[in-house]
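Colleague: As numbered in the numbering used here, residues 67 to 771 make up the sequence shown, in order.
Let me begin by handing over the structure; questions about it come next.
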Amino acid sequence: MAILGKIRSQGLILIIIIALALFAFIIGDLIRQGSFTSEDQNVIGYVGDTELDRQQFTRQVEATMNQRSGMSTIQAVNGVWDQQVRDAVLKQQVEDAGIQVTDEEVSNYMKAAYARFPQFQDENGQFSDALFAQYVNQAATQNPEGWAQDLASAENQVRQQKLFTLLKSGVIGTRTDGEFAYRLENDKRDFQYVNIPYSTISDSAVEITKSDIKDYIKKHEKQFQADAQRDIEYVLFEDKASTEDIAAINKELNALINGKENQYNEQTKKTETVAGLRDTNNVELFINANSDLPYSNRYTMVSSLTPAQRELNNVNVGEIYGPYNDGEYAKISKVEDRKTINDSVKNRHILVPFAGASRAGSDVTRDKAAAKKMADSILATIGQSKDNYDEKYEYYQENEPQILAQDLGWVVYSGNAAQFAPGYTKFLYDNNEGTVGVAESSFGYHIIRIDETAGAGEAIKLATVAKKVNASKATSKSLYTKTQKFQQAAEKGNFEALAKEYEVTATPVRNLKSLDESLPALGRNRDIVKWSFNNEREVGDVERFETPRGYVVARLTRIGEEGLMSVEEASPTVTPILRNKKKAEMIMVKIKSTDLNTIATNQKQQVSTANAVNRKSPVLAGVGQEPKVVGTAFGLKEGQTSGPIAGEKGVFVIKLTGIDNAPDLDNYTSDARTVAQRTANQSTSALVEALKKATDIEDKRAVFY
């Protein structure tokens, strides 16, 4: 009772203590998660005093990915980051230079940037001011803040271009620069040499200690600064169809060949025979109802059949081949038709668009019927005159814009024909050389002339039922269980030994960086990289990941912190350098003579000759780059022999046999101009890199991506 009394009397103090403990726990968790303040969550990084806003950064990443198909998120993130850092470090330089831009300059820049995208091109593939203006009005209305940012970004890019132009204009090449460049390339030397390769001494004969490597790193610290890195090893349990799964898929395909008898139809309430691929009256409907790939009305050149389909060339029209495996699919194919097709067709056309057609500008107001009437009129006017189809031809009609003819060159059935509208290509391959006619496509009406054909060959039309070869639910469930068992065992056991036991391959991955996304033999998998860089990870941690190919179990094997490399990290780079240095010392001790023939005999090598060698390209035939050897040659007098030279591939002794200095020129303007141009081209990137090195940059990309 006395204890309870004390608790009651000091209850307020206990409540405060408990509250403080809970608060400390919550705050600690927030700090560990990097989410203590909303400000931290809204900033992707800092460049000096400039904050890089995460929302704006994300919007630019999304815009970049929309503009460039196939680009991964990390690729877009890295591109946007590089651009924003560049903008930030150049901002002060642009302001100090007092650079101004006009609205016209910004407009021209944006038009040039957007011109490559199809949605801003007219029916002739040319940039359309009308389509661009339509986009500008829409963007400014629907997302005024975003459009304002786009304009500001474009203005900034124009300012930077002007800054770089000013920078380049200040780069000159002096007479001395020009003469030096001229001499580097045109002064030449002939010499004899003996090369004693480093490979004449086995690596095992040279001991490189950890202390040697450590001393080398200390002397060259700038060369051995490293970002944070991780090493992992992983195994892939591939989620693929078993032998039983494949047999079941083939059984399903076989059942689709001849159909099924005595099938009850819920709609007709009768027992019917369901037609198969062999007897169906509507092949397209049958394929689309039973296949994982849609029906194609397109012919395939026999020469373009896949290796798995080549046997179809021996199948008669109406017959069925399969089941057979073709890539990721099991298939049965019915040969519907065969015919000869011109693989290549050279053609030209005049396009008459109508309102609403693909890529039709806002200035196109005619309807579809009017467009067809105009196309027929043009065809009647031109007739079979090939001259009327040259690129200069213009057709005018009252109150209508001009329509230009285009020579489209060769359209290849087994190649670029897929880039053209189906209606267009149907005309090309259904008609012969010299034919002129009208064809309809999604772009409008085309008046087409077939000028030339080539590469006639046999083509085959296939009706194919394809089934994706995937693992069954039972197979996937079994794999999941197997993966779980491996993960549990790997947390305590030997990863490599377990991999052998489970008949999977343990793949080591070294030197992962925080923004990497691809793993060897696995491809893009950002989640695994992020896991390995989590602050709570420890060496030996094991985790399972679900991927498109199956399950990956990964183990963290090394944590490398940012800063100076460890001996182990630097060893692959430093060891060969130190080994060759020690080998050079060992070889030099053996060279007692200054006579090349004597040296060659004693070292069991031969005397070689190098002719017309210059300093711009210090290469010895059969040896490779040897700048130190060539540089030594230019410091010798004719007939003089050098001492031993520690080169890139071995120890050299050379004897100068010829000096060929290029004649003096009245001026070196051309060479000076080349030097200036090369320096100017390098100056922009050099400026940006120098500014980045002089600026404190904090990068938080890996936290959010």
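We put the CB at the ideal spot given by N, CA and C, even for glycine.
Using the rule of at least 16 other Cβ atoms within 10 Å of the residue's Cβ for burial, across every protein chain shown, is I327 buried or exposed?
Modeller: Stepping through the sequence shown from its first residue, residue 327 is reached at position 261. Before going on, a small fix: residue 327 reads as Glu here, not Ile. Classification of E327: exposed, given that the 10 Å Cβ count is below 16.
Colleague: Restricting to Cα atoms, I'd like to know which of V689, K157, D115 is closest to L753.
Modeller: Translated into the one-based positions of the sequence shown, residue 753 becomes position 687. It is K157 whose Cα lies nearest to the Cα of L753.
Colleague: Which whole-angstrom value describes the C-beta separation of F509 and A436, a residue pair presumed to lie in contact below a C-beta threshold of 8 Å?
Modeller: Looking up residue 509 in the sequence shown gives position 443. Looking up residue 436 in the sequence shown gives position 370. With a Cβ gap of about 16 Å, F509 and A436 do not count as contacting.
Colleague: On the CB-based measure, 16 or more other CB atoms within 10 Å of its CB, does I238 come out buried or exposed?
Modeller: Stepping through the sequence shown from its first residue, residue 238 is reached at position 172. So I238 ends up on the exposed side.
Colleague: Can you tell me the Cα-Cα spacing of K412 and E518, whole angstroms?
Modeller: Working through the sequence shown from its first residue, we reach residue 412 at position 346. Working through the sequence shown from its first residue, we reach residue 518 at position 452. Each residue's Cα considered, the two are about 5 Å apart.
Colleague: Quick test of the definition: if touching needs 3 or more C-beta pairs under 8 Å, does the stretch 524 to 536 touch the stretch 392 to 408?
Modeller: Touching, yes.
Colleague: Can the beta-carbon of V401 be found less than 8 Å from the beta-carbon of I315?
Modeller: Numbered from its first residue, the sequence shown carries residue 401 at position 335. Numbered from its first residue, the sequence shown carries residue 315 at position 249. No, the Cβ-Cβ distance between V401 and I315 is not below 8 Å.
Colleague: At 4 residues or longer, what runs of the alpha helix (DSSP H) sit wholly inside the stretch 288 to 369?
Modeller: As far as the stretch 288 to 369 is concerned, its whole alpha helix (DSSP H) runs of at least 4 residues are 309 to 324, 349 to 356.
Colleague: From the DSSP output, which residues share a beta bridge with W476?
Modeller: What you label residue 476 is simply residue 410 of the sequence shown in a count that begins at 1. Paired residues: K412.
Colleague: Comparing alpha-carbon positions, which option in A746, A678, P614, N646 lies nearest I267?
Modeller: Looking up residue 267 in the sequence shown gives position 201. Comparing Cα-Cα distances from I267 to each of A746, A678, P614, N646, the minimum goes to N646.
Colleague: Would you mind sorting L351 into buried or exposed? The rule is 16 or more other CB atoms within 10 Å of its CB.
Modeller: For the purposes of this step, residue 351 is taken as the residue at position 285 of the sequence shown. Burial call: exposed.
Colleague: According to the neighbour-count rule (16 or more other Cβ atoms, all chains shown, within 10 Å of its Cβ), is A178 buried or exposed?
Modeller: Within the sequence shown, numbered from 1, the residue matching residue 178 stands at position 112. Classification for A178: exposed.
Colleague: If you run the structure through DSSP and keep just helix, strand and coil, what is K280?
Modeller: Taking the first residue of the sequence shown as position 1, residue 280 is located at position 214. Looking at K280 - three-state DSSP - the assignment turns out to be helix.
Colleague: Please classify A163: is it buried, with 16 or more other beta-carbons within 10 angstroms of its beta-carbon, or exposed?
Modeller: Locating residue 163 in the sequence shown gives position 97, counting from the first residue. A163 comes out exposed.
Colleague: Could you tell me which of R414, T740, A742 sits nearest to Y490, measuring between CA atoms?
Modeller: The sequence position of residue 490 within the sequence shown is 424, counting from 1. Closest by alpha carbon: R414.
Colleague: According to DSSP, what are the bridge partners of T530?
Modeller: To locate residue 530, count along the sequence shown from 1; it is residue 464. Answer by DSSP bridge pairing, in chain order: S399.
Colleague: Using three-state DSSP, classify Q200 as helix, strand or coil.
Modeller: As a position in the sequence shown, residue 200 is number 134, starting the count at 1. Q200 falls in the helix class under three-state DSSP.
Colleague: Tell me the rounded alpha-carbon separation between T745 and D732.
Modeller: For the purposes of this step, residue 745 is identified with residue 679 of the sequence shown, where counting begins at 1. For the purposes of this step, residue 732 is identified with residue 666 of the sequence shown, where counting begins at 1. So the two alpha carbons sit approximately 23 Å from each other.
Colleague: Is N144 helix, strand or coil when you go by DSSP?
Modeller: By 1-based counting over the sequence shown, the position of residue 144 is 78. Helix at N144.
Colleague: For V301 and A484, what's the separation of their Cα atoms in angstroms?
Modeller: To locate residue 301, count along the sequence shown from 1; it is residue 235. To locate residue 484, count along the sequence shown from 1; it is residue 418. One C-alpha to the other measures close to 40 Å.
Colleague: Using CA coordinates, which residue listed in T339, Q333, N356 is at the minimum distance from E318?
Modeller: In the sequence shown, residue 318 corresponds to position 252, counting from 1. Of the candidates T339, Q333, N356, the one whose C-alpha sits nearest the C-alpha of E318 is N356.
Colleague: Three or more C-beta pairs closer than 8 Å, one from the stretch 676 to 685 and one from the stretch 252 to 259: is that the case here?
Modeller: Yes: the two stretches touch, three or more of their Cβ pairs being nearer than 8 Å.
Colleague: Which two residues bound the contiguous beta strand (DSSP E) that contains I444?
Modeller: Residue mapping note: residue 444 aligns to position 378 of the sequence shown, counting from 1. Not the beta strand (DSSP E): I444 falls in the alpha helix (DSSP H), residues 434 to 448.
Colleague: Note down the Cα distance separating V477 from S410, rounded to an integer number of angstroms.
Modeller: Here the question's residue 477 lines up with position 411 in the sequence shown. Here the question's residue 410 lines up with position 344 in the sequence shown. Their Cα atoms are separated by approximately 6 Å.
Colleague: Can you give me the C-alpha to C-alpha distance between W147 and T623, rounded to a whole angstrom?
Modeller: For this step, residue 147 is matched to residue 81 along the sequence shown. For this step, residue 623 is matched to residue 557 along the sequence shown. Roughly 30 Å separates the two Cα atoms.
Colleague: Measure from the alpha carbon of T573 to the alpha carbon of each residue in L581, Q141, T231, L588, then state which is nearest.
Modeller: Working through the sequence shown from its first residue, we reach residue 573 at position 507. It is L588 whose Cα lies nearest to the Cα of T573.
Colleague: Would you mind stating whether F230 and T660 have Cβ atoms separated by less than 8 Å?
Modeller: Counting from one through the sequence shown, the residue named residue 230 turns up at place 164. Counting from one through the sequence shown, the residue named residue 660 turns up at place 594. Taking 8 Å as the Cβ cut-off, F230 and T660 do not qualify as a contacting pair.
Colleague: Considering Cα atoms alone, identify which of S637, P710, A620 is closest to S277.
Modeller: The residue labelled residue 277 in the question sits at position 211 within the sequence shown. The candidate whose alpha carbon is nearest that of S277 is S637.
Colleague: I need the straight-line Cα distance from T447 to N222, nearest angstrom please.
Modeller: Looking up residue 447 in the sequence shown gives position 381. Looking up residue 222 in the sequence shown gives position 156. So the two alpha carbons sit approximately 52 Å from each other.
Colleague: Near E377, what residues of its chain come up, given a Cβ to Cβ distance below 8 Å and the 5 sequence neighbours on each side ignored?
Modeller: On the sequence shown, position 311 is the one that residue 377 refers to. Contacts found: Y387, Y390.
Colleague: Which of the three DSSP states, helix, strand or coil, is assigned to S508?
Modeller: Numbered from 1 along the sequence shown, position 442 holds the residue referred to as residue 508. The answer is coil: DSSP assigns S508 none of H, G, I, E or B.
Colleague: Can you tell me which residues form a DSSP beta bridge with G523?
Modeller: Position 457 of the sequence shown, counting from 1, holds the residue named residue 523. Bridge partners of G523: I407.
Colleague: If we count the other Cβ atoms within 10 Å of its Cβ and call it buried at 16 or more, is G475 buried or exposed?
Modeller: As a first step, residue 475 must be located in the sequence shown, where it is residue number 409. Exposed: under 16 other Cβ atoms inside 10 Å.
Colleague: How long is the line joining the alpha carbons of K759 and T130, rounded to whole angstroms?
Modeller: As a working note, residue 759 is residue 693 in the sequence shown. As a working note, residue 130 is residue 64 in the sequence shown. Distance between the alpha carbons of K759 and T130 is about 27 Å.
Colleague: Taking the beta carbon of E332 as the centre, do at least 16 other beta carbons fall within 10 Å, making it buried, or is it exposed?
Modeller: Residue numbering aside, residue 332 sits at position 266 when the sequence shown is read from its first letter. Exposed, by the Cβ-count rule.
Colleague: Buried or exposed for L322, please, with buried defined as at least 16 other CB atoms from any protein chain shown within 10 angstroms of its CB.
Modeller: Start at 1 with the first residue of the sequence shown, and residue 322 comes out as number 256. Burial call: buried.
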